[in-house]
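Visitor: Can you read through this structure? Questions will come right after.
Chains as they are written, first to last, in my numbering: chain R, 1 to 81; chain S, 1 to 132; chain G, 1 to 277; chain V, 1 to 496; chain L, 1 to 495.
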């Protein structure tokens with residue numbers, strides 16, 4: 001395991017999480033959440049949890065994001081916070 | 001000081017998971033938009049998964065798939081220290097699934113709420129309820 | 001609310017930080033988690049279940065009961081989404097408006113419920129907003145989907161030896177159908193895979209899992225003890241476990257596949273199934 | 001067959017849920033009989049299991065044939081063998097009683113409804129029966145997810161209330177999961193009995209302390225213990241009656257069971273009551289919960305919502321009793337799980353009948369109900385007596401143990417809170433009875449006015465309700481046996 | 001003292017008779033004759049069952065029956081002893097009379113919901129007998145609460161505004177005190193002693209400090225608010241909105257007597273005379289009782305509503321019983337227990353008369369009844385006898401109990417109490433006699449009565465004649481009650 005990459009991704013994860021919550025557009029939030037999941041998945045594969053990473057890649061970054069986007073399309077993109 | 005630094009470095013995964021969890025928890029409690037809360041909820045869940053995965057990491061070990069599974073030397077001796085602890089991975093597979101299931105239900109509910117009130121902002125919905 | 005949230009968050013965080021001080025160091029091979037149960041799994045999996053991917057073995061056999069409920073969770077999420085969102089045509093208050101487009105001329109017509117489609121093969125049904133068919137996307141997806149599905153099947157089948165298994169494969173299979181629904185439209189996807197089929201597949205997947213367990217019960221062993229299948233499959237008990245794992249993985253795959261599509265269908269159309277994204 | 005009861009009681013509802021789900025697509029009329037048959041078998045195996053435990057003591061069932069710390073095992077001891085029949089019987093009676101209501105409300109979706117109902121029962125039974133800390137989490141989520149689905153189908157406000165429940169429920173479950181993770185990181189095990197064996201040397205560890213606190217907070221969130229109760233009243237009030245009369249009696253009670261299981265089996269009473277020494281604070285919290293629940297219930301002008309606040313107060317009873325740290329208090333808490341499940345079922349079923357006939361449950365809708373629905377109201381009276389704590393209904397006896405526990409712990413605040421809430425319950429229920437009893441004061445001296453006759457709910461709704469009402473009294477009369485033969489052995493000897 | 005005991009299901013049967021008749025009453029709601037026949041039958045059977053136990057009890061044997069062991073060490077248990085027998089005899093015999101009277105009254109006024117009325121009446125009677133036969137505090141509490149709730153629909157029978165507010169007051173006092181005081185006191189006693197079974201010497205002796213025992217004693221004393229000891233008395237006048245038979249049987253006999261019975265039982269069976277005496281607890285008790293006697297009598301003087309007057313008179317008379325027990329002298333206790341019976345017969349006569357007047361004339365106030373003795377001579381004659389009994393003058397049974405009370409106060413060397421007893425008798429006379437005088441000897445003002453005022457229907461008059469007669473007979477033949485009371489006192493004090 002290469003710790004600088006590890007650390008860099010960890011920082012990015014936090015940044016992605018915060019920005020997903022800060023951005024004032026729900027579609028943007030969904031996409032940022034997708035990137036958050038994807039980076040999480042990278043992190044786990046670095047840690048050797050390949051099965052978990054695989055699942056997160058397909059579920060978290062894949063289906064979850066699609067569901068978010070679908071729900072946002074069925075409701076509204078706008079938000080005040 | 002060096003102690004502190006070494007402690008921070010030695011467990012930085014745990015610190016990050018706590019930070020993420022707090023971000024998620026704060027979002028669930030304090031955010032006003034229902035979908036944002038759902039995002040927060042997912043971050044919260046993922047943070048816990050990160051925690052579990054961090055438990056499983058073992059220095060100098062590899063992924064928990066046995067080499068030479070089949071074939072001529074299928075029955076060579078396996079040493080536990082060579083492989084990462086698989087149990088937390090199993091648990092977290094389940095947790096991820098639970099997470100996506102919760103997400104689906106939550107989004108379905110959010111759509112129902114939106115159909116009723118035409119907004120996803122909690123304060124506006126409460127204002128509408130109070131008016132009635 | 002924000003201040004309360006902050007207080008709660010900080011308190012919880014402080015507690016967790018405080019507790020983390022007593023954790024074994026990160027990635028310490030001597031930590032209890034790595035020395036108590038996991039060595040048994042790592043060292044014995046091969047002889048007890050003959051599955052090299054320890055995660056798969058633990059997931060579907062040692063802790064197979066968890067996984068059965070994991071599948072049940074996904075299934076119930078599907079049912080809940082359907083239960084909450086699906087509006088059958090009979091219950092729907094607003095009359096359905098359909099849109100048709102004359103392919104040759106590009107004329108779009110709007111039909112209120114009760115009106116008939118013009119008797120011509122040149123009309124195609126479209127969503128309320130007509131987006132010009134994108135040849136690249138449609139063709140690209142059409143080419144991609146079979147490979148995605150093939151990969152998904154590989155993931156399910158090869159779960160014993162490599163990362164993956166029923167769940168991941170099922171999600172990818174589901175994703176391929178969702179991709180189809182996005183690249184074409186929801187109606188086409190539903191026509192290919194009807195709601196009834198999805199609903200039944202969903203239950204059938206979990207049924208395969210729980211049924212395998214129940215079969216073991218009928219064969220006079222404990223629930224989910226796959227070695228009971230040895231007699232049925234004509235193999236030794238350890239291989240029977242391996243086969244049992246494969247069977248339940250297939251069940252999981254089917255259930256997850258169907259549920260993902262089901263949830264997507266309901267959420268993307270808000271339960272009306274008229275048009276998706 | 002009888003050695004497979006532990007598996008049956010979870011597998012039967014699960015399999016039947018799947019079958020019902022398929023049947024829902026094929027022929028809707030098949031759903032109900034299948035569901036009832038399945039719950040019948042479940043209830044039968046639960047009772048059989050109780051009898052077996054009485055005979056043989058603790059039963060261990062290895063799922064997948066793996067020995068416990070490796071695989072998942074069920075431990076059926078005196079504690080959960082008592083709770084299991086309650087859960088299954090409550091579910092069965094409620095299902096039968098609500099058939100008409102379900103068909104009236106969801107003509108097109110009976111299939112999914114029964115599926116979710118059965119899955120929920122599976123989850124709840126699983127929670128009670130499992131001996132694995134992580135397995136409990138998964139089952140918790142099954143029960144929770146299906147619960148969200150069932151609760152959200154109701155009035156206009158139901159989805160929002162349920163969404164709030166979902167947020168809180170998820171936090172609660174995740175906290176529990178995190179607590180289990182903390183235990184896992186220090187012990188390396190997930191099996192409850194195993195953890196209990198590994199913990200004693202670690203009692204001073206900060207991680208164990210944090211694990212305990214996090215688990216407790218998670219469980220309290222799920223059971224709506226006072227400061228964390230905010231989600232409960234709305235979620236239960238606006239739901240459809242079939243769902244609320246399943247969920248209100250069972251979910252909070254099962255969570256109390258989980259709490260007691262954590263205290264007694266996982267962390268052991270020595271750790272919780274001796275090493276931690278925070279029990280006084282928790283009991284005071286319970287006192288506040290009881291008082292606030294009672295007071296908030298007083299503020300409601302709406303029967304169903306009033307009952308939900310009573311549920312909040314009752315949670316305070318059980319948490320307080322369990323945390324008194326003595327045998328009587330714990331006995332009271334365990335007994336109250338049984339009694340409260342039954343009496344909450346009784347009153348919520350009454351609400352179901354009222355909603356079915358009157359289409360409302362605000363106080364204004366209740367006028368003249370004693371004349372219109374005498375049997376339903378009779379059941380309400382018995383349920384109310386039990387909640388107030390009038391002998392020989394069962395509610396009295398659990399209150400008895402709770403108060404005796406409070407006295408022997410010297411915690412008079414808790415005793416005062418119990419008495420206070422009893423008196424408030426009298427006020428609450430007699431306020432309702434007054435409204436149902438007095439007609440609108442049209443003619444002054446009420447001689448011979450027969451404005452409209454009886455308009456009772458259908459037999460299929462009234463009979464199960466009356467059965468529940470009778471059970472309330474029967475359980476009350478058999479309290480001695482329950483305590484002597486079951487609960488006594490559920491509490492470790494070490495607790496005095 | 002070891003008494004011979006036999007196990008018999010009879011006490012349970014006596015309770016169940018009126019419980020089991022309820023479904024029959026509900027089913028026969030459409031046919032009043034069947035319904036009332038059933039009521040009579042049940043009342044008769046109940047009385048016979050109770051009566052059949054009398055010889056056994058008089059032999060010095062106790063009858064015991066355990067229903068269920070609900071809590072380790074505490075069972076739902078029935079035990080018939082002399083004191084319980086005395087009370088059961090009074091209430092079961094009066095149920096027969098009251099049933100007859102109820103029929104006349106309810107039909108005479110064409111009241112609504114008569115089926116409900118008879119059902120809850122039967123329930124209330126079950127509870128009363130249950131209280132009488134309780135072997136321990138838990139059983140006592142069970143039936144006490146059952147009585148509270150069963151009488152609520154009776155008190156609020158009219159279902160109007162007045163009934164509603166009185167019903168609230170009734171419940172607030174009765175249930176509030178029983179849950180607020182009796183329940184904790186009972187549980188504290190259980191924690192202290194580990195048992196709740198009444199014993200002749202009490203079970204609390206030596207288990208707790210003096211202040212705690214004193215506290216418990218007053219929690220019990222005021223907790224049984226049915227005894228209407230001041231300041232927890234004001235539910236009783238309020239409850240007079242009930243139909244008169246209810247007031248008559250329940251609020252003159254069953255309910256209030258249950259209250260004092262419970263107080264007496266608890267004082268003797270839980271605390272025991274020795275404990276009370278050694279802690280001097282009897283002194284505050286008798287002073288509280290004396291205060292209630294005087295205050296109740298004085299308030300009664302100023303009442304114009306006949307039923308309210310009777311209610312305050314009841315409040316005063318109840319405290320005689322508490323006073324008698326509180327004196328702790330054998331004679332005083334005998335007097336107190338006898339007074340349960342004597343007052344019951346006297347007071348029920350008075351209530352019956354008030355009801356009969358109401359049925360016949362529709363009047364409730366004394367000032368409207370001047371000269372009524374001429375129209376309703378039988379009723380008013382019975383009223384006269386009843387009031388004599390309450391005052392405690394021969395030729396009525398009330399004389400005996402008051403005589404014993406006076407002797408008891410002498411025996412206990414309580415001269416103040418003697419003074420109280422005598423004064424209050426004078427007061428009793430002062431509020432009853434003017435009415436009797438006006439009723440017989442004053443000319444009614446013109447148009448006060450419609451011309452056709454006659455005696456009330458026979459169903460109303462016969463019962464009150466019977467009870468009045470019994471009141472008189474009891475002076476000359478008090479043996480059954482007197483023997484029972486003496487036996488009880490003997491078992492408690494050994495004298």
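The C-beta atom is built at its ideal place from N, Cα and C for all residues, glycine as well.
Answer with yes or no whether the minimum CB distance from residue 8 of chain R to chain S is below 8 Å.
Guide: In the first chain, residue 8 of chain R corresponds to position 8, counting from 1. It does not: the Cβ of residue 8 of chain R has no partner Cβ on chain S nearer than 8 Å.
Visitor: From this set, V:15, V:34 and V:495, which residue's C-alpha is nearest residue 265 of chain V's C-alpha?
Guide: Stepping through the fourth chain from its first residue, residue 265 of chain V is reached at position 265. The shortest Cα separation from residue 265 of chain V among V:15, V:34 and V:495 belongs to V:495.
Visitor: Restricting to runs no shorter than 3 residues, where is the beta strand (DSSP E) found entirely within the segment 24-103 of chain V?
Guide: Entirely contained in the segment 24-103 of chain V, the beta strand (DSSP E) runs reaching 3 residues are, in chain order, 59-62 and 73-76.
Visitor: Please report whether the beta-carbon of residue 102 of chain S lies at a distance below 8 Å from any beta-carbon of chain V.
Guide: Translated into positions along the second chain, residue 102 of chain S becomes position 102. Yes, contact with chain V.
Visitor: Does residue 18 of chain G pass the burial test, meaning 16 or more other C-beta atoms within 10 Å, or should it be called exposed?
Guide: Taking the third chain and counting its residues from 1, the one referred to as residue 18 of chain G is at position 18. Label assigned to residue 18 of chain G: exposed.
Visitor: What's the C-alpha gap between residue 521 of chain L and residue 121 of chain L?
Guide: This structure cannot settle anything about residue 521 of chain L, because the visible part of chain L is limited to 1 through 495.
Visitor: Would you kindly work out how many angstroms separate the C-alpha atoms of residue 111 of chain G and residue 129 of chain G, rounded to a whole number?
Guide: Numbered from 1 along the third chain, position 111 holds the residue referred to as residue 111 of chain G. Numbered from 1 along the third chain, position 129 holds the residue referred to as residue 129 of chain G. One C-alpha to the other measures close to 14 Å.
Visitor: With DSSP collapsed to three states, give me the class of residue 259 of chain L.
Guide: What you label residue 259 of chain L is simply residue 259 of the fifth chain in a count that begins at 1. Three-state DSSP puts residue 259 of chain L in a helix.
Visitor: Select from S:112, S:38 and S:80 the residue whose C-alpha is nearest the C-alpha of residue 27 of chain S.
Guide: Within the second chain, numbered from 1, the residue matching residue 27 of chain S stands at position 27. Checking every option, the nearest Cα to that of residue 27 of chain S belongs to S:38.
Visitor: Take residue 201 of chain V and list the residues in its own chain whose beta-carbon comes closer than 7 Å to its own, dropping the five residues that flank it on each side.
Guide: For the purposes of this step, residue 201 of chain V is taken as residue 201 along the fourth chain, with counting starting at 1. Result list for residue 201 of chain V: empty, nothing under 7 Å.
Visitor: Can you tell me which of the three DSSP states residue 62 of chain L falls into?
Guide: As a first step, residue 62 of chain L must be located in the fifth chain, where it is residue number 62. Of the three classes helix, strand and coil, the one that applies to residue 62 of chain L here is strand, per DSSP.
Visitor: Mind reading off the beta-carbon distance from residue 65 of chain R to residue 120 of chain S? Whole number of angstroms is fine, and I expect it under 8 Å.
Guide: As a first step, residue 65 of chain R is located in the first chain; it is residue number 65 there, counting from the start. As a first step, residue 120 of chain S is located in the second chain; it is residue number 120 there, counting from the start. Not quite, the Cβ-Cβ distance comes to about 18 Å (not below 8 Å), so this is no contact.
Visitor: Any contact between the segment 391-400 of chain V and the segment 324-338 of chain V? By contact I mean 3 or more CB pairs, one from each, below 8 Å.
Guide: With a cut-off of 8 Å, the segment 324-338 of chain V and the segment 391-400 of chain V count as touching, because enough Cβ pairs lie within range.
Visitor: Exposed or buried, residue 208 of chain G, counting other C-beta atoms within 10 Å across all chains shown (16 or more means buried)?
Guide: Counted from its first residue, the third chain places residue 208 of chain G at position 208. It is buried - the Cβ of residue 208 of chain G has at least 16 other Cβ atoms within 10 Å.
Visitor: Quick one: is residue 51 of chain R near chain S, going by C-beta distance under 8 Å?
Guide: Working through the first chain from its first residue, we reach residue 51 of chain R at position 51. True, the Cβ-Cβ gap to chain S drops below 8 Å.
Visitor: Taking the Cβ atom as the reference point for each residue, do residue 193 of chain V and residue 6 of chain V lie within a distance shorter than 8 Å?
Guide: Within the fourth chain, numbered from 1, the residue matching residue 193 of chain V stands at position 193. Within the fourth chain, numbered from 1, the residue matching residue 6 of chain V stands at position 6. No, the pair does not count as a contact, with Cβ atoms beyond the cut-off.
Visitor: I think residue 429 of chain L touches residue 391 of chain L, with their Cβ atoms under 8 Å apart; what is that distance to the nearest whole Å?
Guide: As a first step, residue 429 of chain L must be located in the fifth chain, where it is residue number 429. As a first step, residue 391 of chain L must be located in the fifth chain, where it is residue number 391. Correct: roughly 5 Å between the Cβ atoms.
Visitor: Enumerate in chain order the residues of its own chain whose CB-to-CB distance from residue 414 of chain L is below 8 Å, with the five nearest sequence positions on each side excluded.
Guide: Counted from its first residue, the fifth chain places residue 414 of chain L at position 414. If we look at residue 414 of chain L and ignore the five residues flanking it on each side, its Cβ neighbours are 286 and 327.
Visitor: When the Cβ atoms of the segment 255-264 of chain L are set against those of the segment 352-371 of chain L, are three or more pairs found closer than 8 Å?
Guide: Too few Cβ pairs lie closer than 8 Å, so no.
Visitor: Which residues of chain L have a Cβ atom closer than 7 Å to the Cβ of residue 466 of chain V, listed in chain order?
Guide: Taking the first residue of the fourth chain as 1, we reach residue 466 of chain V at position 466. In chain order: nothing, as chain L lies at least about 13 Å away.
Visitor: Do residue 13 of chain S and residue 56 of chain S come within 8 Å of each other at the CB atom, strictly closer than that value?
Guide: Along the second chain, read from residue 1 onward, the residue named residue 56 of chain S stands at position 56. Along the second chain, read from residue 1 onward, the residue named residue 13 of chain S stands at position 13. It is not a contact, given that the beta carbons lie outside the stated cut-off.
Visitor: Roughly how many angstroms lie between the CA atoms of residue 208 of chain V and residue 186 of chain V, to the nearest whole one?
Guide: Taking the fourth chain and counting its residues from 1, one reaches residue 208 of chain V at position 208. Taking the fourth chain and counting its residues from 1, one reaches residue 186 of chain V at position 186. Each residue's Cα considered, the two are about 8 Å apart.
Visitor: List the endpoints of the continuous beta strand (DSSP E) containing residue 98 of chain G.
Guide: Residue 98 of chain G sits at position 98 when you count from the first residue of the third chain. That run of the beta strand (DSSP E) goes 98-102.
Visitor: When we look at the beta-carbon of residue 159 of chain L and count the other beta-carbons within 10 Å, is it buried (16 or more) or exposed?
Guide: Translated into positions along the fifth chain, residue 159 of chain L becomes position 159. Looking at its Cβ environment, which holds 16 or more other Cβ atoms inside 10 Å, residue 159 of chain L is buried.
Visitor: Measuring straight from C-alpha to C-alpha, what distance separates residue 84 of chain G and residue 144 of chain V?
Guide: The count along the third chain starts at 1 and reaches residue 84 of chain G at position 84. The count along the fourth chain starts at 1 and reaches residue 144 of chain V at position 144. Residue 84 of chain G and residue 144 of chain V: Cα-Cα distance of roughly 15 Å.
Visitor: Using the C-alpha atoms, what's the distance from residue 368 of chain V back to residue 449 of chain V?
Guide: Here the question's residue 449 of chain V lines up with position 449 in the fourth chain. Here the question's residue 368 of chain V lines up with position 368 in the fourth chain. Its pLDDT being 46, under 50, residue 449 of chain V is placed unreliably by the model, and nothing is read from it.
Visitor: What residues in the segment 262-277 of chain G bring their beta carbon closer than 7 Å to a beta carbon of chain V?
Guide: Within the segment 262-277 of chain G, no residue qualifies.
Visitor: State whether the segment 414-424 of chain V contacts the segment 339-359 of chain V, with contact taken as three or more CB pairs (one from each stretch) at a distance under 8 Å.
Guide: Result no; under three Cβ-Cβ pairs closer than 8 Å.
Visitor: Among the candidates V:230, V:252, V:212 and V:317, whose CA atom is the shortest distance from the CA of residue 267 of chain V?
Guide: Sequence index remark: in the fourth chain, residue 267 of chain V carries index 267 (1-based). Measuring from the Cα of residue 267 of chain V, the nearest candidate turns out to be V:212.
Visitor: Note down the Cα distance separating residue 318 of chain L from residue 146 of chain L, rounded to an integer number of angstroms.
Guide: The count along the fifth chain starts at 1 and reaches residue 318 of chain L at position 318. The count along the fifth chain starts at 1 and reaches residue 146 of chain L at position 146. Cα to Cα, residue 318 of chain L sits roughly 21 Å from residue 146 of chain L.
Visitor: Report the option in V:307, V:335 and V:469 whose CA atom is closest to the CA atom of residue 425 of chain V.
Guide: One-based indexing of the fourth chain puts residue 425 of chain V at position 425. Checked all of V:307, V:335 and V:469; the closest Cα to residue 425 of chain V is V:307.
Visitor: Run the CB neighbour count on residue 454 of chain V, radius 10 Å, all protein chains shown included, and call it buried at 16 or more, exposed below.
Guide: Reading the fourth chain from its first residue, position 454 is the one you call residue 454 of chain V. The residue in question, residue 454 of chain V, is exposed, as its Cβ has fewer than 16 Cβ neighbours within 10 Å.
Visitor: For the segment 65-82 of chain V, enumerate the residues whose C-beta is nearer than 8 Å to any C-beta of chain G, in chain order.
Guide: Answer in chain order: 65, 66, 69, 70, 71 and 72.
Visitor: Go ahead and label residue 416 of chain L buried or exposed: buried means 16 or more other beta carbons lie within 10 angstroms of its beta carbon, across all protein chains shown.
Guide: One-based indexing of the fifth chain puts residue 416 of chain L at position 416. Exposed.
Visitor: Relative to the alpha-carbon of residue 243 of chain L, which residue among L:59, L:153 and L:329 has its alpha-carbon at the smallest distance?
Guide: Translated into the one-based positions of the fifth chain, residue 243 of chain L becomes position 243. Looking at the Cα atoms, L:153 is the closest of the given residues.
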